[in-house]
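Step one of this worksheet: look at the structure below.
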Amino acid sequence: MSIRLIHTETLRLKAFTGGAIPKYAILSHTWIPDGEVSFQEMMAIAEYPEDAATKKSGYKKIVKCCQKARSHGYMYTWIDTCCIDKTSSAELSEAINSMYKWYGEASICYVYLWDVPAGQDLSADDSEFRASRWFTRGWTLQELLAPSSLAFYDQDWGILGQELKQPGCEESGWKRLVSAASVAERMSWAAGRITIRVEDMVYCLLGIFDVNMPLLYGEGEKAFVRLQEEIIKEYDDHSLLFWHDRSLISTGGSCFARRPADFGRSGDARVIGLTRFIISSYPTI
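Going left to right, the sequence shown walks through residues 64 to 348 as this note's numbering numbers them.
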């Protein structure tokens, strides 16, 4: 495993490989439109501390995250916006295929909710915490499931309740470990989430199913078919076929679903092996 981390004191980026990777904190967040700091901008700031990128709201988020990590004894942290060179298609592909593991290997995950003001009553049904955009995004699903420890923070970096241990976050309803859930149930977790690009709704699920795929932006819904083909190769679980297309649009005779939303009613599906699937599916005469 290789990863690029931010030093929490100097804010400089450093690459690590294999056994040399230090303990690190990791950030989970939703992007601020036009406010995030890229890898290139982070490199520029290292050379020119007064670079214009330091005025971005995303840079303040980086600084605050590093301060939080340092206060907890971590010299390094990882933030997706600036630790991945997204101009390199090879690096982006490797990062997306490795991201679930990176979150899983982190000592702690800080969940920063920039749309949640301080002083929230978390028990209130109408709290802005429950309405946070973070709970609706595709990418943040794996960021909830993979870490061994999470801590939620409001927009002022005030702690929101106690630290939460995966998978016991009531807001997302996880009742079992990922490995114990059927393929259809895991898909159902993503049914109500969204991404800006169609393909990203697929790529954000790679780690949850522990499969790898090349990224092909522009292929649209074909990406989800490729994901299901990879899953069926790895899992003896035909609950993958327990889906319902609410739009009633023909799938062209395919046994695969068009999108994760088609599994919205499959949350109770259990693991179904091939033998059991064939027997239970055989018509009664």
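Built from N, CA and C at the ideal position, the CB exists for glycine as well.
Just so you know, these numbers come straight off a predicted model, no measurement behind them.
Local conformation of Ser65 per DSSP, three classes = Looking at Ser65 - three-state DSSP - the assignment turns out to be strand.
Output needed for Asn275: all residues of its chain with C-beta closer than 6 Å, excluding positions within five of it in sequence on either side, in chain order.
Once the five neighbours on either side are set aside, the close Cβ partners of Asn275 are Asn160.
Are the beta-carbon atoms belonging to Ser120 and Ile147 less than 8 Å from one another?
-> Cβ atoms of Ser120 and Ile147: not closer than 8 Å.
Notebook entry, point to check: Is Glu284 near Arg260, with beta carbons less than 8 Å apart?
Noted result: The Cβ atoms of Glu284 and Arg260 do not sit closer than 8 Å to each other.
Q: Would you kindly check if the distance between the Cβ of Met105 and the Cβ of Gly81 is under 8 Å?
A: Cβ atoms of Gly81 and Met105: not closer than 8 Å.
Please state whether the Cβ-Cβ distance between Ser302 and Arg333 is less than 8 Å. Yes, the Cβ-Cβ distance between Ser302 and Arg333 is below 8 Å.
Shortest alpha-carbon distance to Asp331 belongs to which of Glu282, Arg249, Tyr280 and Phe319? Asp331 has its Cα closest to that of Arg249, out of Glu282, Arg249, Tyr280 and Phe319.
### Query
Where does Ser152 fall in DSSP's three states?
Three-state result, Ser152: helix.
*asked:* Between Ala187, Ala253 and Glu157, which has its C-alpha nearest Pro277's C-alpha?
replied: The shortest C-alpha separation from Pro277 is found at Glu157.
### Message
Mapping the DSSP letters down to three states, classify Val174 as helix, strand or coil.
### Response
Three-state result, Val174: strand.
message: Going by DSSP, what residue range makes up the alpha helix (DSSP H) through Leu207?
response: Secondary structure note for Leu207: its alpha helix (DSSP H) is the uninterrupted segment Trp202 to Leu208.
**Asked** To the nearest angstrom, how far is it from the Cα of Glu234 to the Cα of Thr199?
**Response** Residue placement at Glu234 cannot be trusted, given a pLDDT of 37 that sits under 50; what the coordinates show is reported in the next sentence. Approximately 11 Å, taken between the alpha carbons.
| task | Following the continuous beta strand (DSSP E) through Thr80, name the residue where it begins and the one where it ends. | result | Its beta strand (DSSP E) spans residues Leu76 to Thr80.
TODO: Taking only the alpha-carbon atoms, compute the straight-line gap between Lys296 and Cys128 and give it to the nearest angstrom.
DONE: Each residue's Cα considered, the two are about 40 Å apart.
Point to revise | Ranges of the beta strand (DSSP E) found wholly within the segment 85-126, counting only runs of at least 3 | key: You should have 88-92.
- Taking the Cβ atom as the reference point for each residue, do Arg193 and Asp178 lie within a distance shorter than 8 Å? No; because the gap between Cβ atoms is not below 8 Å, this pair is not in contact.
Residues near Gly336 in its chain [Cβ-Cβ closer than 6 Å; skip 5 each side]
Scanning its chain for C-beta atoms nearer than 6 Å, with the 5 sequence neighbours on each side dropped, one finds around Gly336 the residues Asp299, in chain order.
Alpha-carbon to alpha-carbon, Asp273 and Lys149: C-alpha separation (whole angstroms): 22 Å.
Query raised in the report: What's the call for Ser251, buried or exposed, on a 16-neighbour Cβ count within 10 Å?
Result: By the neighbour-count rule (16 or more Cβ atoms within 10 Å), Ser251 is buried.
For Ala243, which of Ile271, Ala253, Ile222 and Glu262 has the nearest alpha-carbon? Of Ile271, Ala253, Ile222 and Glu262, the residue nearest in Cα terms is Ile271.
ask   = With C-beta atoms as the reference, is Thr140 less than 8 Å away from Ala209?
value = Contact flag unset, no.
Residues that DSSP places opposite His70 in a beta bridge:
DSSP output for His70 lists Tyr139 as bridge partner(s).
- Item | Rounded Cβ spacing between Tyr175 and His92 (contact assumed at less than 8 Å) | Their Cβ separation, rounded to whole angstroms, is 4 Å, which keeps Tyr175 and His92 in contact under 8 Å.
Counterpart residues of Ile257 in DSSP-defined beta bridges: Note: Ile257 sits in a beta bridge opposite Arg200.
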